[in-house]
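Residue numbers (our numbering): -19 to 935. Quick reminder that beta carbons are idealized off the backbone N, C-alpha and C, glycines included. Every value quoted in this text rests on a predicted model; they were computed, and no experiment measured them. To keep things clear, I will list the structure first and then write my remarks on it.
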């Protein structure tokens, strides 16, 4: 049975090392696959499960000149998040290595600077002590330089130990090049000392002076010092590439408060928490592990996991996730998942595995790295021979050969891809986009078609009431029993405003109906009075609520939620019966009632002709219509639909802008599918597809190019696995997430174009790195060999070593630019306007056209007297193109206590004309207003003061 094992690898310094270790491990019997990560000094191995294979791997790697030890996941057993201990160990090792390199660098400079001054002082006219001047002091001059070189060699002896070790094992690396170049310079200088001694002893002062001017000790010291300087900067830069994993691990609280059996509370390390423990979470504290609230309530900030900034209310029975923060309230929770089983541990593990994988584009660099060092050594040898052949002398030939050795940089090739992958996956994780492998990150950049499941991906995945049509006069007899004469509470979804507008339309029509249009997406917060909603409408809702409350059907639950949100009272139901394939039957307040489809109405002798046209219009919009009858006569109907998510249309428009074709895949009928297509603007729709047929559709689309599939359910798993890139919505099922290559933690379709944008940015960065690494070596090696000497262009070993150090630092620094990547910002989803405030069709179409969003065109339905009845156009989501930000102003805000306060301040600022966006930070008690026009400071301050807080503009 194939198993996976992670090895910690020591002794690797460049791409040639990782290529050698990977090749050696792959050649061990029982090893199926091996991937080495130079940045993390680790290796992932798939092997036959035989313990003897692990021992054979360690022995083979050691024989190649390196070290490899299986990593023991002790952290998981102790209750710590999986991947935390190894990552922490890597951080400690990296910190120690950085400190060691810094010490070596300091010592190197302490001795290299005086050595350089002594060797080059006479050329620049710098003053030197008298005992170094004159022919009689030439031996002192030379031997002092040799003594200053020794400490530099000693502190940097690692280059020689590793370099010659790998050279003798037949796998030379970058250290081999450095060791050969430094050794050649040192040996040449020692020979020069003997030549000085011979000349002085034989009275040949000119011979001795010539030897004293060609010592090369300063070149050896400068090579080692500048390479160490480059290693130091490289280590610092590489450390930043792993910040994402470190920051993820830091999110988890280090301690938890446990309630013991006797009721006493104690603070314990989070590693000691076990499933079933009762933990106490107070206001401001982090949730230690995943679990369920069993007592109390709180407002939990889940932004670290989901990316959603608005805190979520958590009561008894609600699930809570480790690393989230309880902003307000107090609750007790039962620990369910700890250690490696928590959501945070899974995220850390996923990011860690992604950064350990290799992208296909890296294969080119691996092939080059495998032969790079031997080729460079051969070029240096040929260079030396050619220069000797043309009679340039040993000094010139040696100088060019050493320059070739030290300017060559296999590190840049080896770091080009993994650094960008590390930073790219880290940025994705920070924005709620979890990429499982480097291959997925590379493949996503070439996606030509994005296929999206409808239910739960484009839409919310749950039906909602979207329209209520009440037949006038039918519920009058039941209105008193319904308890409809009392006050109606305020509604945050704008029910009153929508009803008021709709009532106005109804009065202008035949007078037969009261139409109530819901406004879930309007965002209004208008309080309503009883006089604005007539009693018969509330009586009808009470009738529907009473019947549907007895049913478990999803449509029934949607009606129940709708009624309860509006404070509608339920009545007792007698003789309740569920009619298979039809609906519900029962007696409410002594009246015989029916609720269900048209067939149930027909079987019950209820005439629905009066609303047939309206019902057909609703059905054409993809809505499900339920009829309600009272004592054999139609009382009204309720239309329900699985509404698109607020940002679905904007996300699909952004994909189109990126040149990507969008296809909606659904098992719904054609009419429903096309209705949703018009709402969100997908390029194509494929309806009536069974779960097993989705995989076939993906296979056919792949013939036209790279395909990404976005889904959330069990039925999407085969299609996710078949697609070139599977993208799972984070709120989806475990099997869908397991089958996907990328997981969107925020369950927001806007993250689909963001993920592809991240992939494109990462691949662009990788190609830049590879180009620089290749062109650097292609240009610099010939120049170092003296190819341009005829034009007076030469490189001495000191400049060559400085160039080599800069090469690696440039590649890593370029990769770090990805840390500034942010998801693509496109038009915000605007609230739909109420009919009386809606723009005309022409202006609305122009606005949608400007934003690049398809508009809905088509005939409107009509009531019986010819008055238009909206088919949903007035509620259509529009995309507003953001205005240009011309300035930002920062304010200090006092009095904010929680995220609700943050929301109030944000709303107050964004209500000011000219403020396009307000970013409010609770921790720093500050707010930043992004302005598209010049807004006076006092206007911004007054807006916050009016909201109940104190503020002042920060200069």
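* Asked: Short check: CB of residue 924 to CB of residue 916, under 8 Å?
  -> no
* **Pick from 760, -9, 277, 370 that is closest to residue 41, judged by C-alpha positions** => -9
* Alpha carbon to alpha carbon, how far is residue 697 from residue 348? Give it in angstroms, no decimals. => 38 Å
* DSSP state of residue 127, grouped into three classes? -> helix
* the stretch 402 to 421 / the stretch 625 to 638 touching (three or more Cβ pairs under 8 Å) -> no
* **residue -18 burial status per 10 Å Cβ neighbour count (16 or more: buried)** => exposed
* Sequence-distant residues of its chain with Cβ nearer than 7 Å to residue 799 (five each side left out) -> 403, 407
* **Extent of the continuous beta strand (DSSP E) run through residue 274** => 270 to 281
* Check each candidate in 768, 741, 117 and name the one with the smallest Cα separation from residue 193. => 117
* Please report the Cβ distance between residue 803 and residue 240, rounded to the nearest whole angstrom; I am assuming they are in contact, meaning their Cβ atoms lie under 8 Å. => Not confirmed; about 45 Å, so no contact.
* Compare the beta carbon distance of residue 172 and residue 201 with 8 Å and say whether it is the shorter of the two. => no
* Asked: Leaving out five residues before and five after residue 544 in sequence, what residues of the same chain have Cβ atoms less than 8 Å from its Cβ?
  -> 525
* Classification of residue 564 by the beta-carbon crowding that lies within 10 angstroms, buried from 16 upward -> buried
* When the Cα atoms are used, what is the spatial distance from residue 22 to residue 381? -> 34 Å
* For residue 424, does the count of other Cβ atoms within 10 angstroms reach 16, so buried, or fall short, so exposed? -> buried
* To do: Kindly indicate which residue of 34, 357, 904, 384 has the alpha-carbon position closest to the one of residue 875.
  => 904
* To do: For the alpha helix (DSSP H) holding residue 178, just list the boundary residues, first then last.
  => 154 to 181
* Could you check if residue 476 is buried or exposed, using at least 16 other CB atoms within 10 Å of its CB as the buried criterion? => Low confidence applies here, because residue 476 scores a pLDDT of 32, under 50, leaving its location unreliable; read the following figure in that light. The residue is buried, with at least 16 neighbouring Cβ atoms inside 10 Å.
* **Beta-carbon separation (whole angstroms), residue 428 vs residue 641, contact threshold 8 Å** => 6 Å
* Figure out for me which residue from 265, 363, 39, 434 has the closest Cα to the Cα of residue 761. => 363
* **Segments assigned beta strand (DSSP E), at least 3 residues, entirely inside the stretch 356 to 425** => 413 to 415
* **Residues near residue 669 by beta carbon distance below 8 Å, same chain, minus five either side** => 645, 646, 647, 677
* With DSSP as the reference, label residue 908 as helix, strand or coil. => strand
* Asked: Helix, strand or coil for residue -3 per DSSP?
  -> helix
* To do: With DSSP as the reference, label residue -14 as helix, strand or coil.
  => strand
* To do: Jot down the residue ranges of each uninterrupted beta strand (DSSP E) in the stretch 508 to 584, minimum 3 residues, whole runs only, in chain order.
  => 553 to 559, 563 to 568, 571 to 576
* When DSSP labels each residue in this structure, what does residue 314 get in the three-state scheme? -> strand
* In angstroms, rounded to a whole number, what distance separates the CA positions of residue 280 and residue 91? -> 58 Å
* Asked: Around the C-beta of residue 174, are 16 or more other C-beta atoms found within 10 angstroms, so that it is buried, or is it exposed?
  -> exposed
* **Option nearest residue 169 by Cα separation, candidates 123, 213, 920, 143** => 123
* Give the DSSP-derived three-state secondary structure of residue 190 in the structure shown. => helix
* Taking all protein chains shown into account, decide if residue 254 is buried (16 or more other Cβ within 10 angstroms of its Cβ) or exposed. => exposed
* **Cα-Cα separation between residue 706 and residue 750, rounded to whole angstroms** => 27 Å
* To do: For residue 237, name the three-state secondary structure that DSSP assigns.
  => strand
* Quick one: grab the DSSP three-state call for residue 209. => helix
* Asked: By how many angstroms is the C-alpha of residue 341 removed from the C-alpha of residue 33?
  -> 29 Å
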